[in-house]
Every structure is written in C-alpha cells, then in structure tokens.
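Student: Heads up: the sequence shown at position 164 corresponds to 189 in our numbering, and the numbers run straight through without jumps. Every residue gets a Cβ at the ideal spot worked out from N, C-alpha and C, and that includes glycine. Below is one structure. I have some questions about it.
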Amino acid sequence: MKPPSLTRDTTLVIFAKAPEPGLAKTRLIPALGKKGAAHLADLLLQNAVKEALATSFESIELCVTPDMEHPYWSSLITDSRIQLTQQVDGHLGERMSATAKRIIDKGRSVILTGTDCPPLTTQRLLAAASALEQHDSVIYPVEDGGYSLLGIQQWHPSLFSDIPWSTDAVANITLNRLKHLQWSCWEGELLWDVDTPNDLSRLPSRFESPVISWSLE
Numbered sequence: 026m027k028p029p030s031l032t033r034d035t036t037l038v039i040f041a042k043a044p045e046p047g048l049a050k051t052r053l054i055p056a057l058g059k060k061g062a063a064h065l066a067d068l069l070l071q072n073a074v075k076e077a078l079a080t081s082f083e084s085i086e087l088c089v090t091p092d093m094e095h096p097y098w099s100s101l102i103t104d105s106r107i108q109l110t111q112q113v114d115g116h117l118g119e120r121m122s123a124t125a126k127r128i129i130d131k132g133r134s135v136i137l138t139g140t141d142c143p144p145l146t147t148q149r150l151l152a153a154a155s156a157l158e159q160h161d162s163v164i165y166p167v168e169d170g171g172y173s174l175l176g177i178q179q180w181h182p183s184l185f186s187d188i189p190w191s192t193d194a195v196a197n198i199t200l201n202r203l204k205h206l207q208w209s210c211w212e213g214e215l216l217w218d219v220d221t222p223n224d225l226s227r228l229p230s231r232f233e234s235p236v237i238s239w240s241l242e
C-alpha cells in the first residue's frame, strides 16, 4: 500500500445518491425493475466505499443526495474516516465544482469519484493519488466517453461549466480544458462503468446473484 504521506493532503470524494427504488439507476429499470436497479445501486455504492476505505486516504468524503438525514447513510457509514457531506443544488457540474472549490480553498488537493465504476479499485485510486503528487490533474476516462475519476490540485470553473454531462464528449472536453489551462495531466487506463443494461454482463460475479434475485420479484 502507498505510504500515508502521499494521501495525507488529498481528500477523496465519493458522490453518491441514496438507492431508492424508482430513483436510482433509472436506465437499468427496464432490465432489473425498480427494486433490482436500486439494489444494484446499493451494491455499487458499498463497493466504492469499501475500495476507498482500503486506501491510505486520511480524508474521505461521502457527498450525498438527496438528504444527509436519509436513514440509509447511517447504516452505511461505519468508519470514522468517512465524513458525510451534502451535495449542493444544481446539475452535476455545479455540484462537483462547489465541492472541489470548498476542499481546494482549504489548501488540499481533491479527487472526485462516483459509485458506478467497479474497475476503480483501491490500487487505481492509489495510483491516481500518487500521480497527483507529480501532476496538476489526473483522470480515469471510461468507455462511454465520460470519466470515473478527476483529481486536481487547483480549482478552475471551466472544468465544470458548459459541459454536456452524461454524453460521450465529457472526457475529451475536460482533457481539452486541462490542456488549455496548461495543467499537466496524468491519464489512467480506460475503464468502464455501469449505466445501461448492456453493461450488466460485465459486472463481477459478486454483483450478479443478488441483482438477479431482486429483478425476478
């Protein structure tokens, strides 16, 4: 494991949504049903938290919506290293921007992630943190054209504004903005995430049986 000193001044943020049936992973509802899609969202979220806790990050935020008081969060968080924070209102870019700025204004670097990318393992999180020690930014692109992780040492609004979120242009636009800022960028290997029914066949075996059992109800 990477020495703690390399992650001491970086905050890892996991953006998460409470896995409520009918509201979570809605694009998977046709394949899994409302309960099945919500259950998969729960498994993905638990996996993201598990991978984060296996790192040496001393500062981990679970930045949540719709409400910090939702009972789900108290049952999920069992480690004192995780701080629960509330997502601000607005589109994804506005929420990410506000969180990144808040953390960077405290003199820390920030790594922003979500919960939909099973290949974003502990080792890959640590690789990104290590690279952020030597670069202005780090990114893991995903096959659908987005990214599963963005790490930055400085904040700039152009990284989060006027971007067509949830399209195949997100990663390329972000990389071009980083280039325009003349920030060095470490680009990790291309990963995949779980957004549509076609992605379900790629899930590791630990995700499969519970999802299938829920979808058949």
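From the DSSP output, read off the bridge partner residues of Q111.
Tutor: The sequence position of residue 111 within the sequence shown is 86, counting from 1. Its beta-bridge partners are V89.
Student: Alpha helix (DSSP H) containing V74: first to last residue?
Tutor: Residue numbering aside, residue 74 sits at position 49 when the sequence shown is read from its first letter. In the DSSP annotation of this structure, the continuous segment of the alpha helix (DSSP H) that includes V74 starts and ends at I54 to L78.
Student: Using only alpha-carbon positions, find the residue among V167, L175, Q148 and D169 that is nearest to H160.
Tutor: On the sequence shown, position 135 is the one that residue 160 refers to. When only C-alpha atoms are compared, the closest one is L175.
Student: Can you tell which of L151, N72 and M93 has the C-alpha that lies nearest to the C-alpha of V113?
Tutor: In the sequence shown, the residue the question calls residue 113 occupies position 88. It is M93 whose Cα lies nearest to the Cα of V113.
Student: So, helix, strand or coil for P14, using DSSP?
Tutor: One cannot answer for residue 14 here, as it falls past the ends of the chain, which runs 26 to 242.
Student: Once you ignore the five residues that flank A123 on each side, which residues in its own chain have a CB closer than 7 Å to its CB?
Tutor: As a working mapping, residue 123 is identified with position 98 in the sequence shown. So the list reads V113, once near-sequence residues are dropped.
Student: With DSSP run on the structure shown, which of helix, strand or coil describes S173?
Tutor: As a first step, residue 173 is located in the sequence shown; it is residue number 148 there, counting from the start. Three-state DSSP puts S173 in a strand.
Student: By DSSP, does W180 sit in helix, in strand, or in coil?
Tutor: Within the sequence shown, residue 180 is the residue found at index 155, counting from 1. Residue state, collapsed to three classes: coil.
Student: Whole angstroms is fine: what's the gap from R106's alpha carbon to E86's?
Tutor: Locating residue 106 in the sequence shown gives position 81, counting from the first residue. Locating residue 86 in the sequence shown gives position 61, counting from the first residue. Each residue's Cα considered, the two are about 8 Å apart.
Student: For the alpha helix (DSSP H) containing L203, list its first residue and its last residue.
Tutor: Counting from 1 along the sequence shown, the entry for residue 203 is found at position 178. Segment V195 to H205, the alpha helix (DSSP H) holding L203.
Student: Could you tell me the boundaries of the alpha helix (DSSP H) in which E212 lies?
Tutor: Here residue 212 corresponds to residue number 187 of the sequence shown, with the count starting at 1. Run containing E212: none in the alpha helix (DSSP H); it sits in the beta strand (DSSP E), C210 to E212.
Student: For E76, count neighbouring C-beta atoms within 10 Å of its own C-beta (all shown protein chains included) and say buried if the count is 16 or more, exposed if not.
Tutor: Here residue 76 is taken as the residue at index 51 of the sequence shown, counted from 1. It counts as buried.
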